[in-house]
Amino acid sequence: MDQDVVIIGGGAAGCFAAIEVARMCPEARITVLEKGRKPLAKVAITGGGRCNITNSFGNVQSLERVYPRGHRLMKRLLYRFGPRDTFEWFEREGVKLVTEDDGCVFPRSQNAMQVVNCLLYLMKNLGVRIMTETKALGIIPEGEGYRIETNGGTISAGRVIVTIGGQPGGRGYSLLDGLDIELVECVPSLYGLCVDDESLKALTGAVIDNAVVSLTGTKLWAEGPLLITHWGLSGPAILKLSSYAARVLAERNYNADIMVRWLTGEREEITDMLNELAAGASGKLLRNVYPRELNGRLWLHLLRRAKLDDGMRWSALGDRETGRLMNVLTGDTYHVAGKNRFKEEFVTCGGVALSCMNYDTLETKAHPGLFIAGEALDVDAVTGGFNLQAAWTTGYVAAQGAAHIRTGS
Ligand SMILES: Cc1cc2nc3c(=O)[nH]c(=O)nc-3n(C[C@H](O)[C@H](O)[C@H](O)COP(=O)(O)OP(=O)(O)OC[C@H]3O[C@@H](n4cnc5c(N)ncnc54)[C@H](O)[C@@H]3O)c2cc1C
Numbered sequence: 003m004d005q006d007v008v009i010i011g012g013g014a015a016g017c018f019a020a021i022e023v024a025r026m027c028p029e030a031r032i033t034v035l036e037k038g039r040k041p042l043a044k045v046a047i048t049g050g051g052r053c054n055i056t057n058s059f060g061n062v063q064s065l066e067r068v069y070p071r072g073h074r075l076m077k078r079l080l081y082r083f084g085p086r087d088t089f090e091w092f093e094r095e096g097v098k099l100v101t102e103d104d105g106c107v108f109p110r111s112q113n114a115m116q117v118v119n120c121l122l123y124l125m126k127n128l129g130v131r132i133m134t135e136t137k138a139l140g141i142i143p144e145g146e147g148y149r150i151e152t153n154g155g156t157i158s159a160g161r162v163i164v165t166i167g168g169q170p171g172g173r174g175y176s177l178l179d180g181l182d183i184e185l186v187e188c189v190p191s192l193y194g195l196c197v198d199d200e201s202l203k204a205l206t207g208a209v210i211d212n213a214v215v216s217l218t219g220t221k222l223w224a225e226g227p228l229l230i231t232h233w234g235l236s237g238p239a240i241l242k243l244s245s246y247a248a249r250v251l252a253e254r255n256y257n258a259d260i261m262v263r264w265l266t267g268e269r270e271e272i273t274d275m276l277n278e279l280a281a282g283a284s285g286k287l288l289r290n291v292y293p294r295e296l297n298g299r300l301w302l303h304l305l306r307r308a309k310l311d312d313g314m315r316w317s318a319l320g321d322r323e324t325g326r327l328m329n330v331l332t333g334d335t336y337h338v339a340g341k342n343r344f345k346e347e348f349v350t351c352g353g354v355a356l357s358c359m360n361y362d363t364l365e366t367k368a369h370p371g372l373f374i375a376g377e378a379l380d381v382d383a384v385t386g387g388f389n390l391q392a393a394w395t396t397g398y399v400a401a402q403g404a405a406h407i408r409t410g411s
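In this text, residue positions in the sequence shown follow the working numbering: the first is 3, and each later residue adds one.
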């Protein structure tokens with residue numbers, strides 16, 4: 003064998019796995035194949051250049067809401083290498099971290115390059131060889147190991163860890179052709195939604211601290227801050243919905259209706275709040291007094307949606323008008339006409355079917371010695387540092403599996 007372990011893909015999961023194998027097996031010959039010019043290129047741009055490296059999981063009520071795909075696997079593996087381990091691991095290596103109020107963890111430097119440089123330094127120090135601009139094209143079982151065909155020739159290895167990341171459209175999985183590994187169709191996740199409504203888009207920049215958005219005709223919903231943009235809707239609530247509804251939205255070709263609940267809370271609470279507003283502002287115009295969760299421009303838009311004249315006095319609001327306002331505040335429907343493609347965090351839903359994997363080692367059931375980790379698996383998360391945590395966790399577990407090697411064979 004040329005190498006003891008070859009890791010295909012020099013991203014978060016691959017580089018982390020390489021470091022862990024090297025530490026567990028100091029004698030092992032380890033090579034990372036990276037098709038790009040630089041390893042860790044995506045990590046460098048994570049979190050808008052700040053790298054949301056993990057999450058405290060303090061606000062997480064159910065792993066299913068965090069990992070819409072792969073929560074069972076993650077539940078098992080987070081015990082082996084979880085967010086606290088990530089935190090301690092990076093701090094030990096000199097990357098000091100801070101946890102924000104929402105649980106998101108970032109380098110104190112607010113600089114993703116610190117994470118990249120830390121991983122590069124460790125790989126170099128541990129003797130991991132990195133071959134850039136080397137694209138793996140095929141993996142062929144051979145004897146006790148594997149032969150890997152690349153654009154630059156062939157390399158053999160006793161163990162292989164595939165960490166090629168999410169593959170939009172599933173294209174990169176041709177690498178696994180002939181290995182009888184099942185794939186779950188790849189569709190995008192984590193994107194903003196284009197909305198067909200010029201008056202909504204005119205509110206560009208408006209942020210609602212907490213709204214509930216749901217996909218009409220399904221039970222899929224998400225809650226959180228909502229951002230109105232020049233193409234439609236975005237922000238954490240929409241990104242989460244795009245994750246929960248990734249498959250349904252793809253099936254509908256991103257043509258769907260979504261319902262926005264601008265005010266959260268029970269209907270009775272909102273009715274009481276409107277009654278209180280009306281009582282306190284009876285002589286005032288609708289346009290001048292509005293719920294504190296909304297802003298003036300959005301309020302005018304919602305009044306128009308409820309077919310109410312903003313010059314009307316609060317005291318003139320009858321039951322019919324209040325009912326219309328309630329309907330808009332708690333269930334305002336917009337037509338989605340496509341998804342936004344740029345400038346947002348973007349992951350792939352789908353990948354290697356978890357049914358093909360040994361959950362304890364991340365070794366493929368069909369091919370001993372062939373491991374898969376990171377976003378290449380059918381595991382993905384909502385925003386908040388959970389996707390990188392999945393990369394660290396699965397990279398670590400695959401490394402442990404791959405470290406059971408006879409070196410120098
Ligand atoms: C803009 C953006 C911002 C993000 N921000 C965050 C964030 O702040 N927090 C968070 O948790 N998640 C974030 N994510 C998601 C997170 O970056 C990914 O989930 C994570 O990087 C996945 O790690 P990975 O190692 O599996 O894949 P990747 O990091 O994608 O690495 C895969 C590597 O494999 C290489 N490769 C692919 N095919 C081959 C081949 N055939 N041969 C050789 N090399 C190959 C690729 O070039 C790539 O370098 C963000 C994603 C994007 C796009």
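Ideal Cβ placement from N, Cα and C applies to all residues, glycine included.
In angstroms with no decimal places, state the Cα-to-Cα distance between residue i and residue j.
{"i": "residue 395", "j": "residue 81", "result": "9 Å"}
{"i": "residue 154", "j": "residue 10", "result": "14 Å"}
{"i": "residue 387", "j": "residue 145", "result": "40 Å"}
{"i": "residue 183", "j": "residue 355", "result": "8 Å"}
{"i": "residue 86", "j": "residue 328", "result": "44 Å"}
{"i": "residue 203", "j": "residue 234", "result": "6 Å"}
{"i": "residue 162", "j": "residue 131", "result": "14 Å"}
{"i": "residue 167", "j": "residue 376", "result": "6 Å"}
{"i": "residue 304", "j": "residue 311", "result": "11 Å"}
{"i": "residue 341", "j": "residue 244", "result": "9 Å"}
{"i": "residue 121", "j": "residue 21", "result": "8 Å"}
{"i": "residue 12", "j": "residue 265", "result": "44 Å"}
{"i": "residue 8", "j": "residue 118", "result": "20 Å"}
{"i": "residue 331", "j": "residue 379", "result": "40 Å"}
{"i": "residue 357", "j": "residue 294", "result": "49 Å"}
{"i": "residue 169", "j": "residue 176", "result": "10 Å"}
{"i": "residue 299", "j": "residue 280", "result": "19 Å"}
{"i": "residue 2", "j": "residue 239", "result": "Residue 2 cannot be examined here, being either before or after the span of the chain that is shown, 3 to 411."}
{"i": "residue 216", "j": "residue 4", "result": "53 Å"}
{"i": "residue 99", "j": "residue 35", "result": "29 Å"}
{"i": "residue 88", "j": "residue 286", "result": "55 Å"}
{"i": "residue 222", "j": "residue 79", "result": "26 Å"}
{"i": "residue 193", "j": "residue 134", "result": "30 Å"}
{"i": "residue 127", "j": "residue 397", "result": "19 Å"}
{"i": "residue 237", "j": "residue 278", "result": "30 Å"}
{"i": "residue 315", "j": "residue 289", "result": "9 Å"}
{"i": "residue 62", "j": "residue 318", "result": "45 Å"}
{"i": "residue 368", "j": "residue 181", "result": "8 Å"}
Can we count residue i as close to ligand 1, meaning its CB is less than 8 Å from some heavy atom?
{"i": "residue 257", "result": "no"}
{"i": "residue 325", "result": "no"}
{"i": "residue 59", "result": "no"}
{"i": "residue 41", "result": "yes"}
{"i": "residue 377", "result": "yes"}
{"i": "residue 102", "result": "no"}
{"i": "residue 132", "result": "no"}
{"i": "residue 10", "result": "yes"}
{"i": "residue 32", "result": "no"}
{"i": "residue 260", "result": "no"}
{"i": "residue 413", "result": "There is simply no residue 413 to check, as the chain begins at 3 and stops at 411 in what is shown."}
{"i": "residue 138", "result": "yes"}
{"i": "residue 113", "result": "no"}
{"i": "residue 165", "result": "yes"}
{"i": "residue 439", "result": "Outside the displayed span of the chain (3 to 411) sits residue 439, for which this structure offers no information."}
{"i": "residue 47", "result": "yes"}
{"i": "residue 14", "result": "yes"}
{"i": "residue 156", "result": "no"}
Please work out which residues of its chain come closer than 6 Å, Cβ to Cβ, to residue i, disregarding the five sequence neighbours upstream and downstream, and give them in chain order.
{"i": "residue 210", "result": "228"}
{"i": "residue 400", "result": "19, 163, 364, 373 and 375"}
{"i": "residue 405", "result": "23, 26 and 27"}
{"i": "residue 66", "result": "73"}
{"i": "residue 248", "result": "189, 191 and 351"}
{"i": "residue 410", "result": "Bear in mind that a pLDDT of 45 at residue 410, under 50, signals an unreliable position, so the number given afterwards is only what the model happens to contain. No residues qualify anywhere along the chain."}
Tell me, please, which residues DSSP counts as bridged to residue i.
{"i": "residue 85", "result": "Paired residues: none, contrary to the question."}
{"i": "residue 148", "result": "143 and 159"}
{"i": "residue 14", "result": "None, per the DSSP bridge assignment."}
{"i": "residue 32", "result": "7"}
{"i": "residue 57", "result": "106"}
Report all residues from its chain with a CB closer than 8 Å to the CB of residue i; omit the five preceding and five following residues, and keep chain order.
{"i": "residue 178", "result": "141, 164, 185 and 354"}
{"i": "residue 296", "result": "210, 264, 265 and 304"}
{"i": "residue 1", "result": "For the chain, the structure presents residues 3 to 411; residue 1 sits outside this window and is missing."}
{"i": "residue 44", "result": "13, 14 and 167"}
Near residue i, which residues of its chain fall below 7 Å by C-beta distance, leaving aside the five closest residues on each side in sequence?
{"i": "residue 57", "result": "85, 105, 106, 107, 386, 387, 388 and 391"}
{"i": "residue 205", "result": "230, 299, 300 and 303"}
{"i": "residue 208", "result": "230, 297, 299 and 300"}
TODO: Any chance you could list the alpha helix (DSSP H) runs of at least 4 consecutive residues sitting entirely within the segment 269 to 314, in chain order?
DONE: Within the segment 269 to 314, the runs of alpha helix (DSSP H) at least 4 residues long that lie entirely inside it are, in chain order, 269 to 282 and 298 to 307.
Task: Minimum length 4: unbroken alpha helix (DSSP H) runs contained in the segment 207 to 259 - done: The qualifying runs are 238 to 246 and 248 to 253.
Open item on the list: Restricting to runs no shorter than 4 residues, where is the alpha helix (DSSP H) found entirely within the segment 183 to 207?
Closed with: As far as the segment 183 to 207 is concerned, its whole alpha helix (DSSP H) runs of at least 4 residues are 200 to 203.
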